[in-house]
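Laid out in structure tokens, this is it:
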């Protein structure tokens, strides 16, 4: 290094060192010009002078040498560990080992003896001042309120011996910075990772929580490929300190937004900028702004434009570059204004057929398998033979889907074009296929005439065209001839394994095969019970003709499932599974086992069977069945709210169906993801997904999916009490379902509309619609929904003081529910019967029904039902003058309600305890307890719950107080809620209020 260079360094350094920190950057840039070495050296000198403690090669996270490589937890900015080793036992946590440390503290693996699970505990460094720790605890509590699959779950925030700590879930997998360095992945994988990051941040931003420290080290990829965002709240604590404080690390600075780097105030759009940098790094494996020092990095973030993505990969599509650029605009106003916009734009590029073929550095491209659409083989003969066309088309599509050399469009999509009059080329464009087969079938007494033509869409050349006749005795051979013709024309060979499996699955007897096809057609197009009964007879006749006909055996099991005869299903399935089955048939049987165990709440068995089916499907390359298994696992994990597994299986479903180019299934998966978010209470994200699914449905003219999307959108409006919008969407769904003749969807929309009418106090319309829906479910043989409709009808009739009708509907519902062996409709029916008999002053009958309901709820661990039923029993025991039981159940209900954060049950239980005290002679204490309980509940609403509580208060004051003011207040309360009951047609309550007021007049 020359003397002149050293002299220049010293001169510029001396002039810069006393400037404010951020002004140093501008000064250096002006003085150094294009001399990058001089600029970098000066930045390092100033960095030391500013006492940053920075080392160029520092790492964000270091592992303890004893740590298992597969287990990682929160990473933070490294500095000397100033956290004292905690005791081996911290409250109910037993410390196992240290698994990491950083500038904010040390992380330990621990065992939670209370809930019997492993956790990670982070102890903050003792050097943090009290104000900072308190602010951190408040911020961390806000983060703990976030219940989202893409955010780490915080179990507890507390202090131990004046040290703040957080207990959180222990994750297994890799931090994203390690993933970027160690793993080969596609650009599509990178985009999917950022979509999950956006998902998590959207949930946080919705609750006004900004992360402020988004970086790869704070993003964790679990072993189930689910992203978890870490360290919510820690960034706030970092922001409390000076930017150049000892312990600030380069990794944090590399992902700062320009406004953050300049020390300006930040909002949620700062997180968007940081997310954009990570997306850039995932695509290129390089950070666009990272320099050798903090000052140089901040200057680059504020002033420099990164190289375009195409510089690193010439195949990057323009739309992806546009998305990244918009995410990392320097100007906050030009950037994406919310994280959901970024997420939706990223999701759109999934559908780009070229996108999935782009590789990231070090990864391999996806295959280029052609797509085949087998159009519905039109029945040009007698209408009664439609089942032959339908069945052969379906079998041919299923058989071709077993061959990996071509992707076959599924039957669900094909039937939507059954009656299309469009030219074959137009249909090919609509279906988005490379090869299309069109044809017809005509039954002529003892002959079957077949005509087919197959077109290569790109060239316009016909690959195969043929017309022939088969004897009716050769009916099962037609699909085999068609399959052989397709494969020969496409130069596709059928593997021995696939050939053997198809051979053992196929029927050999023409009469048996015809009965099988007709039975399947009746089940899939059933309009009433008679269709199911006829199908059952046909399957049995087919089995008599061909005893080992697997498809007919499975058909009988499917009918038993429809009829909810679960014991019979289990018996028949076990018999079938013991047979010598090929893998394809074994998968079908396993999927039915999954359905059975799911419906009977045996979730562990359902998961076991589904995973076995996945293994078999992968062995025989049956990716459609594999996708079906993942879909069923989603439903199972929904029951246990295991969101990690749920979203992992959603990703698998989407991945497979993108490979299959199955837009219908992609739309279905998006809709189901929306349902998951709705159950989590994230209605905004649910709506986004419903509308995205609706877009798929409309493009494909998939009316069934359209109706389902409108129905689910209606549900969101219903949950938000926007009844007008809910009614419009339910009506849209009803019109579509009636248009396509889908009576099952139509009946469900009638049920939904009935609930809107009831909520709007339009009881006549509600009762009429409920009766209509109940009748439809009965005709369809849908006993589960039939029971639900009857229970709702019972509830409305009780509301209208039609108690006998209410009891009649509830008894019908109970009978069906018990046959179903389904706990929830059983409980609902028993509760309705208990309430109805209570109002008929038949308290012993009420006690019996409610006790049965409680036993069922406790057996099935339905905690909210348990709390509600205990309250109803407490009220019943007051009437029976069994005060000990009343007090016991009321206290238990109140405790349960507090755990559930159910203020109504908690307040009502306290009021019942007060009323019990009054009836036991402790009048003043009891009156105060009732008043306090009602006051504790939010009385601003006009809900039935508020009316119920105020009725209890008013009636208690009138009946039990000797104070004239109390009596007058009670009378006024009853008069006020009497007006509300008339406005809402709450006839039962209106009668009770009038009886109480008459009692006052007589006094």
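In this note's numbering, the protein residues as written are 170 to 1172.
Where a beta carbon is used, it is the ideal one built from N, C-alpha and C, also for glycine.
With respect to the C-alpha of residue 594, the residue from 627, 175 and 565 having the closest C-alpha is 627.
By the Cβ-count criterion, residue 506 is exposed, with fewer than 16 other Cβ atoms from all chains shown falling within 10 Å of its own Cβ. Put simply, of 181, 496, 487 and 289 the residue whose alpha carbon is nearest the alpha carbon of residue 448 is 496. DSSP places residue 688 inside the alpha helix (DSSP H), whose first and last residues are 679-693. Within 10 angstroms of the beta-carbon of residue 439 lie 16 or more other beta-carbons, which makes it buried. Taken through DSSP and simplified to helix, strand or coil, residue 556 comes out as helix. Annotation: the continuous alpha helix (DSSP H) that includes residue 658 extends over 646-658. With fewer than 16 other Cβ atoms inside 10 Å of its own Cβ, residue 314 counts as exposed. Counting of Cβ neighbours within 10 angstroms places residue 1160 among the exposed residues, the total staying below 16. If you draw a straight line from the Cα of residue 1022 to the Cα of residue 286, it comes to about 32 Å. Cβ contact annotation for residue 393 (same chain, cutoff 7 Å, sequence separation greater than five): 813, 814 and 817, in chain order.
Looking at 289, 328 and 368, the one whose alpha-carbon comes closest to that of residue 398 is 368. Taking C-alpha positions only, residue 686 is separated from residue 724 by approximately 10 Å.
Boundaries for residue 335: no alpha helix (DSSP H) harbours it, while the beta strand (DSSP E) harbouring it runs 332-338, taken from the DSSP string.
When C-beta atoms of the stretch 350-361 are compared with those of the stretch 424-434, fewer than three pairs fall below 8 Å, so the two segments do not count as touching. Proximity of the stretch 942-954 to the stretch 902-919 meets the contact definition, three or more beta-carbon pairs being nearer than 8 Å. Judged by pairs of C-beta atoms under 8 Å, the stretch 899-907 touches the stretch 861-876, as three or more such pairs exist. The DSSP-derived three-state label of residue 873 is helix. One Cα belongs to residue 263, the other to residue 280, and the distance between them is close to 5 Å. Here residue 961 is buried. Its C-beta has 16 or more other C-beta atoms within 10 Å. The beta carbon of residue 469 lies closer than 7 Å to those of 458 and 460 in the same chain, with the five residues before and after it left out. Put simply, the stretch 1022-1031 touches the stretch 979-998. At least three CB pairs are less than 8 Å apart. Looking only at 622, 847 and 867, the smallest Cα-Cα distance to residue 889 is reached by 847. Using a 10 angstroms sphere on the CB of residue 607, the tally of other CB atoms reaches 16 or more, which defines it as buried. Counting along the chain, residue 816 sits inside no beta strand (DSSP E); it lies in the alpha helix (DSSP H) bounded by residues 812-828.
When rounded, the separation of the alpha-carbon atoms in residue 1035 and residue 1042 is 11 Å. Out of 861, 764, 828 and 787, the CA that lies nearest to the CA of residue 803 is found in 764.
Look at the beta carbons and you see the stretch 510-518 not touching the stretch 465-483: under three pairs across the two are nearer than 8 Å.
Between residue 359 and residue 451, the beta carbon gap of about 4 Å places them in contact (Cβ cut-off 8 Å). Rounded to whole angstroms, the gap between the alpha carbons of residue 1073 and residue 1119 is 12 Å. Excluding its 5 nearest sequence neighbours in each direction, residue 920 has C-beta neighbours in its own chain below 6 Å: 942 and 958, listed in chain order.
Looking only at 584, 181, 490 and 569, the smallest Cα-Cα distance to residue 555 is reached by 584.
Taking C-beta atoms as the reference points, residue 783 and residue 805 fail to come closer than 7 Å.
As a beta-bridge residue in DSSP terms, residue 611 pairs with 618.
Residue 1082 counts as buried, since at least 16 other C-beta atoms from the protein chains shown sit within 10 angstroms of its C-beta. In the three-state reduction of the DSSP assignment, residue 459 falls in the coil class, being assigned neither a helical nor a strand state.
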